[in-house]
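Structure, as structure tokens:
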Amino acid sequence: MRYVSTRGGVQGLSFCDAVMMGLADDGGLLVPETIPNVSADLPHLAGKGYLDLAAYVMGQFIDDIPAAELRSIIERSYGTFDSPTVTPLVDVGGVHVLELFHGPTLAFKDVALQFLGNVFEYVLNKRGGRLNILGATSGDTGSAAIAGVRGKQNINIFIMFPEGRTSPLQEKQMTTVLDANVQNLAIEGSFDDCQSILKSIFNDLAFKDAYDLGAVNSVNWARVLAQVVYYFSAYVQLGLPARFEVAVPTGNFGNIFAGYIARRMGLPIDTLILATNQNDILHRFFTTGRYERGEVHLSHSPAMDIQVASNFERYLYFEFGQSPEKVKTFMSDFSSTGAATTNLDSLDTNAAFTSGRVSDEDTLATIARVFEESGYLLDPHTAVGVQIGLANRRSKVPLVCLATAHPSKFDDVIAQAIPGIEASHPTLELLKDLPVRKTLLEGEVRIIKDFISTFNDQQVS
Ligand SMILES: *Cc1c(COP(=O)(O)O)cnc(C)c1O
98 MRYVSTRGGV QGLSFCDAVM MGLADDGGLL VPETIPNVSA DLPHLAGKGY
148 LDLAAYVMGQ FIDDIPAAEL RSIIERSYGT FDSPTVTPLV DVGGVHVLEL
198 FHGPTLAFKD VALQFLGNVF EYVLNKRGGR LNILGATSGD TGSAAIAGVR
248 GKQNINIFIM FPEGRTSPLQ EKQMTTVLDA NVQNLAIEGS FDDCQSILKS
298 IFNDLAFKDA YDLGAVNSVN WARVLAQVVY YFSAYVQLGL PARFEVAVPT
348 GNFGNIFAGY IARRMGLPID TLILATNQND ILHRFFTTGR YERGEVHLSH
398 SPAMDIQVAS NFERYLYFEF GQSPEKVKTF MSDFSSTGAA TTNLDSLDTN
448 AAFTSGRVSD EDTLATIARV FEESGYLLDP HTAVGVQIGL ANRRSKVPLV
498 CLATAHPSKF DDVIAQAIPG IEASHPTLEL LKDLPVRKTL LEGEVRIIKD
548 FISTFNDQQV S
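Here the numbering used here = 1-based position in the sequence shown + 97.
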């Protein structure tokens, strides 16, 4: 399988090349040249476990890692999960909840980042070289990225977060990791400051090259690919239904885009039900065809407080008949005017999506109602998906709702929804007494660069 850019300026990459490039050099996103259709194989997947499914699905898109090595990467990536099923499907009052939060940081990002960390390690071992990962986080992504690469050779990770502005729990998930290759940088400033520092460092190409800077953001193709697997897992755990539907709480369009790939591979997903909070750029797109930037609003489902969905360009590329010209026109309209429009009826698989948005009040109400009816505790992100899933399901086929975080990660919201309930998890309880390490730094580009270069110089000597 070869990889190309959605904007046409990069071609002929192998899977490992695409993973190491991350964002395409022409500013587009990397996508496989074709999406293989595996319909004929589906009956043979009956009863297969997660590792076999991962090897099968990923094998369709990777031809530059030998099968035995890929298998070993997969085993190591999902050996860190606390369920042998990896992503177990649980019946909650007639809805099938696919629990994606059994990894080390209790959020679905582990599914992708455990795999990505191991692929990075594999490629560096084979090709030589090193990687300095730099990221900015307001919460969940940072800890999952750290968990993905902690202790790995030839990889350092530097995660910036705004000092005092992440939840104490989220901060502990990062700062209790004491491996030498992990550096938590508590920045005096806001999350926006962290992001703008990140941008200017990545824009300094000389520095980026000199220090082999890399990112783990949600546009890396390996992340999407790892997420395709659990749609197959849901299908197999349901017992190969003729059709099913999936509701996905959505922010950057990474998770649901993986479902779109699975659907194009032939998995019988009737509709992908896209659920947003009040940050509803994608819901507006799927109802009007107009993709228009708004302001970011803080919500009870903070990992979805996103206005521009970074994976959306990949979807446009396939819907526009794989035409880089059409993608470029749409994206340049969007970046110059803040809005771009397309005719939904002209899209290739328009019927694939329905969508809806959920207020904070309804998020709380859904958490409370589901708990009352079935004793199952939804995290606020999952609650957004469940509400829209139930409202939008079009047929009497099984409905799968993706559960993206364990409720204990958002215990403050849970307590608001159901007074007197305390959501907890042993992994998080353990963190409370562990030692922490972080470096407090001024929010200045030069200071962060100095930190990275000094750290690397010390490693060499
Ligand atoms: C990142 C995240 C999401 C959103 O996923 P996207 O791939 O960005 O659409 C939803 N829920 C939780 C808990 C997350 O961490």
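No residue lacks a Cβ here, since even glycine has one placed at the ideal position from N, Cα and C.
Among the options, nearest to residue i - alpha-carbon criterion
| i | options | result |
| --- | --- | --- |
| A400 | N251, A143, G348 and L337 | G348 |
| L395 | L499, G176 and Q404 | Q404 |
| L444 | G435, G418, S432 and F427 | G418 |
| L537 | I256, L322 and L413 | I256 |
| S297 | S315, H380, E541 and L335 | E541 |
| N314 | I464, A500 and S240 | S240 |
| N553 | S180, V279 and M362 | V279 |
| D138 | L364, T460, Y147 and L266 | L364 |
| E172 | S420, L186, V187 and G146 | G146 |
| G58 | Q250, P421, D306 and A514 | Only positions 98 to 558 of the chain appear in the structure, and residue 58 is not among them; the question remains open. |
| S398 | I243, G109, P259 and R454 | R454 |
| L186 | L197, D179, G261 and I252 | L197 |
| R247 | N281, L310 and A323 | N281 |
| L337 | T202, S136, T373 and R99 | S136 |
| L461 | M428, Q513, P495 and V483 | Q513 |
| T451 | G486, F415, V467 and R99 | G486 |
| Y308 | R543, A151, N229 and D301 | N229 |
| Q375 | T384, M362 and E392 | E392 |
Contact test: residue i Cβ vs ligand 1 heavy atom, cutoff 7 Å
| i | result |
| --- | --- |
| H522 | no |
| G351 | yes |
| G348 | yes |
| A400 | yes |
| T501 | yes |
| H478 | yes |
| D122 | no |
| D430 | no |
| A344 | no |
| F205 | yes |
| D509 | no |
| D237 | yes |
Residue i versus residue j: straight-line alpha-carbon distance, rounded
| i | j | result |
| --- | --- | --- |
| N440 | G386 | 6 Å |
| I545 | V208 | 29 Å |
| V189 | G144 | 22 Å |
| S102 | E130 | 9 Å |
| D276 | S550 | 18 Å |
| D476 | F507 | 7 Å |
| F354 | V557 | 41 Å |
| N408 | G125 | 10 Å |
| A339 | G356 | 17 Å |
| T182 | P523 | 19 Å |
| P265 | F304 | 33 Å |
| T234 | F258 | 5 Å |
| H199 | D179 | 6 Å |
| A448 | S492 | 14 Å |
| Q267 | G286 | 17 Å |
| R411 | R168 | 27 Å |
| A312 | G236 | 16 Å |
| A121 | V424 | 14 Å |
| A437 | I378 | 12 Å |
| Q334 | S174 | 21 Å |
| L369 | F350 | 12 Å |
| K269 | K529 | 8 Å |
| Q157 | V321 | 14 Å |
| A331 | P201 | 21 Å |
Terminal residues of the alpha helix (DSSP H) in which residue i lies
| i | result |
| --- | --- |
| N489 | P477 to N489 |
| L322 | W318 to Q334 |
| Q555 | V542 to V557 |
| Q375 | Element bounds for Q375: n/a, residue is neither H nor E. |
| R361 | G351 to R361 |
| M117 | F112 to M118 |
| R168 | A164 to Y175 |
| A312 | Per DSSP, A312 belongs to no alpha helix (DSSP H) and is neither H nor E. |
| N215 | K206 to R224 |
| P523 | P523 to L528 |
Distance cut-off 7 Å: residue i Cβ against heavy atoms of ligand 2
| i | result |
| --- | --- |
| S315 | Of the ligands this structure carries, namely ligand 1, none is ligand 2. |
Beta strand (DSSP E) segment containing residue i, residue limits
| i | result |
| --- | --- |
| R387 | R387 to E389 |
| L186 | L186 to V189 |
| N281 | V279 to E285 |
| V606 | As displayed, the chain neither begins before 98 nor continues past 558, which places residue 606 out of reach and without an answer. |
| L275 | Taken as a continuous stretch (DSSP letters only), L275 belongs to no beta strand (DSSP E), as it is neither H nor E. |
Short CB-CB distance (under 8 Å) between residue i and chain C
| i | result |
| --- | --- |
| R534 | In summary, chain C is missing from the structure at hand, where a single protein chain is found. |
Taking three-plus beta-carbon pairs below 8 Å as touching, is the stretch 161–175 in contact with the stretch 469–480?
no
Take every Cβ of the stretch 206–221, pair it with every Cβ of the stretch 274–293, and state whether three or more of those distances are shorter than 8 Å.
no
Counting Cβ pairs closer than 8 Å, one from the stretch 214–234 and one from the stretch 102–120, do we hit at least three?
yes
Mind the definition here: the stretch 497–517 touches the stretch 477–485 only if three or more C-beta pairs lie below 8 Å; say whether that holds.
yes
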